[in-house]
Amino acid sequence: MREVKHAEEEGVEFIWLSAPEGFDGKGKVSTAIAHRMRLGARDATGRGAPVKVENSAFRMPADLVIKALGFDPEPLPVLFKAPELAVTDWGTVKVDHRTLMSNLDGVFAAGDIVRGASLVVWAIRDGRDAAASIDRYIQRKAAEHPAPVAAAAAE
59 MREVKHAEEE GVEFIWLSAP EGFDGKGKVS TAIAHRMRLG ARDATGRGAP
109 VKVENSAFRM PADLVIKALG FDPEPLPVLF KAPELAVTDW GTVKVDHRTL
159 MSNLDGVFAA GDIVRGASLV VWAIRDGRDA AASIDRYIQR KAAEHPAPVA
209 AAAAE
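Under my numbering, the final residue of the sequence shown carries the number 213; numbering is consecutive throughout.
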């Protein structure tokens, strides 16, 4: 439960015993739709199986959805159509651990895709570190290519 406590300190809100049903929005997600669950009959291990509570659908605002589907590594170079993307023997993205940039210029990675399955609070921290690195990268690129100076209109 330490991970839950840390996540809540980071502003994460947990809605226990609920399951996603879908998303709504016009070309961009704006709402997540879920329904409540209850624990039903116990299985052989003593765990209650989740059962959907009828007429319990609810909506919540959302502007980003991250699917967490499991811990098996994906073939990332194939998935991202980037065969030159460097990955570890475990299938995670290789990054410069100071900047979190991959071997591809301007491509950053953080969290489980770099560490493997880990605590959500590490993913949050990695995301913040990556955001700072991305900002420095963009600022450096902008300095290398300053905007053209507009010519003064002839009088």
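We treat Cβ as the ideally placed atom computed from N, Cα and C, and that holds for glycine.
| Asked | Found |
| --- | --- |
| Does the Cβ of Asp82 have 16 or more other Cβ atoms within 10 Å, making it buried, or fewer, making it exposed? | exposed |
| How should Ser76 be labelled, buried or exposed, when 16 other C-beta atoms within 10 angstroms of its C-beta is the threshold for buried? | buried |
| Pairing CB atoms from the stretch 142 to 162 with CB atoms from the stretch 174 to 190, are three or more of them under 8 Å? | yes |
| Reducing DSSP to helix, strand and coil, say where Ile196 ends up. | helix |
| Rounded to the nearest angstrom, what separates Ser114 and Ala167 at their Cα positions? | 37 Å |
| Taking contact to mean 3 or more Cβ pairs, one atom from each stretch, closer than 8 Å, check whether the stretch 61 to 77 and the stretch 175 to 182 are in contact. | yes |
| Would you say Leu75 touches the ligand FAD, meaning its beta carbon is less than 7 Å from a heavy atom? | The ligand FAD is not part of this structure, which contains no ligands at all. |
| Are Ala92 and Pro78 closer than 8 Å when you measure CB to CB? | yes |
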